[in-house]
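Colleague: For reference, the structure I am asking about is given below.
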Amino acid sequence: MDEKELESLRKTMTAEFPDEFQFNNRMKEKVKNEIRKDNEMNPKKKFILGPAFSVVFVIGALALFIFIGGQELGFIGENNASDSEMFTYEPTEEIGEINKEFKIPTKFPFEVTDSFASTPPTQNQKGNRYTIDFVSSNGQQLTLKVTSNEVIYTDGLEREEVTSGDFTGQYVVNEQNVQILSWEDNNIHYSLGYMSENQESSLPKEDLIEVAKSAK
59 MDEKELESLR
69 KTMTAEFPDE
79 FQFNNRMKEK
89 VKNEIRKDNE
99 MNPKKKFILG
109 PAFSVVFVIG
119 ALALFIFIGG
129 QELGFIGENN
139 ASDSEMFTYE
149 PTEEIGEINK
159 EFKIPTKFPF
169 EVTDSFASTP
179 PTQNQKGNRY
189 TIDFVSSNGQ
199 QLTLKVTSNE
209 VIYTDGLERE
219 EVTSGDFTGQ
229 YVVNEQNVQI
239 LSWEDNNIHY
249 SLGYMSENQE
259 SSLPKEDLIE
269 VAKSAK
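For reference, each letter of the sequence shown is one residue, going 59 to 274 in the working numbering.
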């Protein structure tokens, strides 16, 4: 019982015993009873607060574990960025001309040793479209397809929506095991496909996203 509670008790007893201003036996007995009540309630309070504090501690520890684990796995604070080494690409004169109309990736997960562009037939097409191949010396290849025309998928494949920062795209692996990332930018449709001479080789999805984000 603290001083405030004791003072309150004294006032209560004064009201109950207006003619008595000193502690007599009845007063002492009432104080003892109040102290017993207080002591009986304290263990209950501790019993209730104990588990509550334990639960809060466990939740806090779990949240910290998830946060640290998320950072280690790259889910928190990293925007799922790729850990692969990225190589800077300098457009050739031919691709530089295309770059005036469309954005071209400037970072690749391999060193580009050759790049060349082609223009598919444009029958019944209103806008321009290009296919640009970026190849490495060890048989890796990224193919970029760009068009200002509307693109409608007819392959029946289910595409996964992927995001990284402000970037949003669609990812799929087709029947030929080509990894494809597609996205829209200023009403221009971009499609980036990865393939390799080594059929068992694959590119982390995050690498494709980093290539797409480097386009400018």
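Quick reminder that beta carbons are idealized off the backbone N, C-alpha and C, glycines included. Just so it is clear, the structure is predicted and the values come from calculations on it, not from any experiment.
1) Please classify Leu261: is it buried, with 16 or more other beta-carbons within 10 angstroms of its beta-carbon, or exposed?
2) If you measure from the beta carbon of Ser195 to each beta carbon in chain B, is any gap under 7 Å?
3) What does the Cβ neighbour count give for Tyr211, buried or exposed, with the cut at 16 atoms within 10 Å?
4) Between which two residues does the beta strand (DSSP E) holding Leu250 run?
5) Return the CA-CA distance between Asn235 and Gln257, expressed in angstroms with no decimal places.
6) If you drop the 5 nearest sequence neighbours on each side, which residues of the same chain put their C-beta closer than 6 Å to that of Lys203?
7) Roughly how many whole angstroms lie between the Cα atoms of Ala273 and Pro149?
8) Do you know how far the Cα of Gly227 is from the Cα of Thr221?
9) Based on the DSSP output, what are the partners of Thr146 in its beta bridges?
10) Return the first residue and the last residue of the beta strand (DSSP E) that Glu219 is part of.
Modeller: The short version:
1) buried
2) In the structure shown, chain B does not exist; there is a single protein chain.
3) exposed
4) Ile246 to Ser254
5) 8 Å
6) Thr189 and Ser249
7) 11 Å
8) 6 Å
9) Lys165
10) Glu218 to Ser222
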